[in-house]
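Using the numbering used here, read the sequence shown as starting at 54 and increasing by one per residue.
Heads up, the thing below is written out as structure tokens.
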Amino acid sequence: MAYRLMTVVGARPQFVKAAVVSHEIARIESLEEVIVHTGQHYDENMSQAFFDELEIPEPKINLGISGGSHAEMTAAMLVALESTMLQEHPDAVLLYGDTNSTLAGALAAAKLHIPIVHVEAGARTWSMTNPEEINRLCADRISSLLLASTLAGAENLKREGLGGLSQFVGDPMYDAFVNYRALAKRPTMRSAADGALVAMPERYYYLTCHREENTGSDEALRGIFDAAEALDAPMVYPVHPRVRRRALSLLQQRDANVIAVDPVGYLESIYLVDHAEQVITDSGGLQREAFFAQVKCTTLLDYEVWPETMIGNRNMLASPERRSILQAMEAPQAIDESYQPFGAGDASVKIVQAIMRFGKVG
Ligand code: UD1
């Protein structure tokens, strides 16, 4: 009988990582994968578009749970995932990253004594006001196999007494970047305000901003738009649904140098990264993708999630206000091509090998 893995995903960055690992799992006869989508991200261009273009197998189950407070969302997922796990009898549960879907999957599996494999284990911001930090810490603490994307992540786990369960495998997001970069497509962008087609500017800065820390009030967005006014090319800004209303209302009040568009798919986002003058973001994924593409990045947070990307000024922290952002953007980056902290683009192979060893799958 094949070793039955239940993959629980829910949010955009998880679809990207699960895609490359899922393709690897499909090559191994003694492994079977059941994909469960919690429903956390549900708009066509936040979810299905990723499954289509990355050719991820359709989820067997979609729980359709999204929105609400953290407690509401996580609790609803926890209840639904428990019965799904009881029904599907997985040998192990495979989880990615740090979203509420990750936390709910971890809690449900641990209470049913189902081993958990956590990919992207050991990442730390050391900031307990960052909701993802709580998700990461809890998931790591109750997982059975901890697969770190960087050596720093593996070190963190060792310091927390979890070294015996962990290993460095590399970052599946880097695998995805390496595999899909050649397929990146020039985006067909639609205005976030009225859905009209928007022409791609020849030169642009790529902005994303969706974190709770930056979207809870107008202040951060105002500061970012102030910085955009000083730039020699517009910021192209695919707007996450969480912040759509606030961003559009602020942009309506001014003549900012910002092109607000609907969220783009993975292949379009990779194109935007690869051709941008610079990236300005609060996304952990985009920080790494900018690093992979050797594009300078400014991160709108006051903590480092991926310290590996910060070397040589390649990624710099800024507070979301004009002076701080422009200062970070002006500092030139120094690139050492031999520095590859995210592995060799074979993380998905190593992840599957680690799972097979863990599950004693022949
Ligand atoms: C989540 C993750 C974050 C990750 C991000 C990737 C948590 C705590 N955070 O944040 O780590 O970086 O995904 O994008 O899990 N919404 C829609 N349509 C969608 C998706 C979301 O309208 O397709 C709305 C939701 O209903 C909600 C808001 O956007 O009101 C925020 O979505 P949520 O899933 O709670 O968190 P993200 O900000 O996407």
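Glycine residues also receive a C-beta, built at the ideal position from the N, C-alpha and C atoms.
All values derive from a computational prediction rather than experimental measurement.
Residue i, DSSP secondary structure in three states
| i | result |
| --- | --- |
| Ala381 | helix |
| Leu353 | coil |
| Ser219 | strand |
| Met363 | helix |
| Arg298 | helix |
| Val170 | strand |
| Asn153 | helix |
| Ala145 | strand |
Proximity of residue i and residue j at Cβ, strictly below 7 Å
| i | j | result |
| --- | --- | --- |
| Leu210 | Leu199 | yes |
| Gly63 | Thr152 | yes |
| Asp144 | Tyr56 | yes |
| Pro254 | Pro287 | yes |
| Ala309 | Phe278 | yes |
| Leu320 | Lys413 | no |
| Ala400 | Val222 | yes |
| Ile312 | Gln347 | no |
| Gln340 | Thr362 | yes |
| Thr351 | Ile378 | yes |
Inter-residue Cα distance where the pair is residue i and residue j
| i | j | result |
| --- | --- | --- |
| Lys403 | Leu190 | 23 Å |
| Ser336 | Val87 | 28 Å |
| Ala159 | Ala79 | 23 Å |
| Ala207 | Ala174 | 8 Å |
| Ala381 | Phe395 | 23 Å |
| Met99 | Leu284 | 29 Å |
| Val418 | Val332 | Examination of residue 418 is not possible in this model, given that the chain is present from 54 through 415 alone. |
| Gln306 | Asn188 | 37 Å |
| Ser75 | Ile109 | 7 Å |
| Phe68 | Gly318 | 11 Å |
| Asp247 | Ser83 | 49 Å |
| Leu165 | Glu185 | 23 Å |
| Pro112 | Arg376 | 45 Å |
| Met59 | Val405 | 13 Å |
Residue i Cβ short of 6 Å to the ligand FAD heavy atom set
| i | result |
| --- | --- |
| His263 | Because the ligand FAD does not appear in the structure shown, any question about it cannot be addressed here, the ligands present being the ligand UD1. |
- Message: I'd like to know if the segment 364-372 and the segment 299-312 are in contact, where contact means that at least 3 CB-CB pairs between them fall below 8 Å.
- Response: These segments do not touch.
- Per the contact definition of three or more C-beta pairs closer than 8 Å, is the segment 129-139 in contact with the segment 76-94? Note that the segment 76-94 touches the segment 129-139; at least 3 beta-carbon pairs, one per stretch, sit closer than 8 Å.
- With contact counted as at least three CB pairs below 8 Å, one residue from each stretch, are the segment 217-232 and the segment 281-297 in contact? Taking one beta carbon from each stretch, the segment 217-232 and the segment 281-297 have fewer than 3 pairs nearer than 8 Å; the two do not touch.
- Please determine if the segment 353-361 and the segment 316-325 are in contact, where contact requires at least 3 C-beta pairs separated by less than 8 Å. These segments do not touch.
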